[in-house]
Ligand code: NAP
């Protein structure tokens, strides 16, 4: 893949990427480490996380794997403390961890509803809150949350995830206003369809099918890649975006403009 950014554009940047061991999170970590960032990838499954950290370290920066369940506020605080201890600080937080599954709203269990809302929305809030004092003390920082576009029109059987990500969008704008005086920028990226293992699993169980029919509704006529999202996130964390806050950037090959 051609290098898009100067290889040292994120040199000296210490980033936390939740869910950074797989899919889009891994793609984000991959671009950021190749741009010089030290990175902590954080999620629940420690073994695959450690294997991903080892692969990412090939770029030559410091990469650590830190266990966390973002639904658990105390665990999030412990994770941030560990990152500060091992990387020396936190300049960037990428709220990428999420989970979802297809379920008709009429039958959705309270547990299922709660699991997705707590992971996607509470997790984003807990991680942002825990990173905030560290960033304030350092004189600023950048937070990027990974949203989606499906709530712009509605997406059947995804009431939990669409509601949670609408909350993430609202949180992005509100935190941007609250924290701009602390020189903390807060933005979001809303990806279109990218066939990660996580998405294939969710679509395989009662979803609309991530197939050629769906691909034909993507105006750019290709699926997105984790690197497409990694490039936008890296731009938002770089000095090039120093006057950008409170914005949600759609990266979807034009998909959200069509009736997918
Ligand atoms: P994925 O590979 O399933 O990624 C989800 C990640 O979140 C995993 O690494 C998982 O790791 C972590 N995670 C889940 N629950 C967690 C918890 N409670 N605590 C900590 N980590 C947790 O799926 P993906 O497609 O890359 O999705 C990444 C992000 O992109 C999500 O926010 C998703 O909503 C968004 N998105 C994706 C698409 C797409 O088409 N792929 C489109 C729009 C938006 P563990 O299992 O180890 O915890």
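Residue numbers (the numbering used here): 9 to 268. Glycine included, C-beta positions come from ideal geometry on N, C-alpha and C.
Burial state of residue i, where buried means 16 or more other Cβ atoms lie within 10 Å
i: residue 234; result: buried
i: residue 260; result: buried
i: residue 147; result: exposed
i: residue 170; result: buried
i: residue 18; result: buried
i: residue 187; result: buried
i: residue 96; result: exposed
i: residue 42; result: buried
i: residue 32; result: buried
i: residue 212; result: exposed
i: residue 40; result: buried
i: residue 131; result: buried
i: residue 27; result: buried
8 Å CB neighbourhood of residue i in its chain, flanking five on each side removed
i: residue 161; result: 264, 267
i: residue 157; result: 198, 199, 200, 258, 260, 263, 264
i: residue 294; result: As shown, the chain starts at 9 and ends at 268. That puts residue 294 outside it, with no answer to give.
i: residue 15; result: 42, 43, 44
i: residue 229; result: 223, 261
Contact test: residue i Cβ vs ligand 2 heavy atom, cutoff 7 Å
i: residue 33; result: This structure does not include ligand 2; its bound ligands are ligand 1.
Anticipated Cβ contact below 8 Å, residue i with residue j, distance rounded
i: residue 98; j: residue 84; result: Actually they do not touch by this definition, with Cβ atoms about 12 Å apart.
i: residue 111; j: residue 120; result: 6 Å
i: residue 76; j: residue 51; result: 7 Å
i: residue 103; j: residue 60; result: Not really, about 18 Å apart at Cβ, beyond 8 Å.
i: residue 47; j: residue 25; result: 6 Å
i: residue 79; j: residue 126; result: 4 Å
i: residue 150; j: residue 64; result: At roughly 20 Å, the Cβ-Cβ gap does not stay under 8 Å, so residue 150 and residue 64 are not in contact.
Proximal residues to residue i (C-beta, below 7 Å), its chain only, five neighbours per side dropped
i: residue 92; result: 98, 142
i: residue 128; result: 106, 169, 172, 173, 176
i: residue 241; result: 36, 102, 152, 197
i: residue 108; result: 124, 166, 168, 169, 210
i: residue 180; result: 153, 194, 195, 196, 254, 256
i: residue 138; result: 84, 85, 88
i: residue 191; result: 147, 148
Cβ neighbours of residue i in the same chain (closer than 6 Å, five flanking residues each side left out)
i: residue 81; result: 134
i: residue 56; result: 29
i: residue 144; result: 190
i: residue 184; result: 194, 253, 254
8 Å Cβ cutoff, residue i in contact with chain B
i: residue 27; result: Here there is only one protein chain, and chain B is not present.
- Query: If you scan the segment 98-151 from start to end, which runs of the beta strand (DSSP E) of 3 or more residues do you find wholly inside it?
  - Reply: 100-103
- Message: Please give me, in chain order, every unbroken run of the beta strand (DSSP E) with length at least 3 that falls completely inside the segment 43-70.
- Response: 46-51
- Query: Which ranges does the beta strand (DSSP E) cover as unbroken runs of at least 3 residues, wholly within the segment 211-240, from first to last along the chain?
  - Reply: none
- Please list the segments of the beta strand (DSSP E) lying wholly inside the segment 14-48, counting only runs of 3 or more residues, in order along the chain. 22-26
- Which ranges would you report for the alpha helix (DSSP H) in the segment 156-213 if only whole runs of at least 4 residues count? 158-161, 167-187, 205-212
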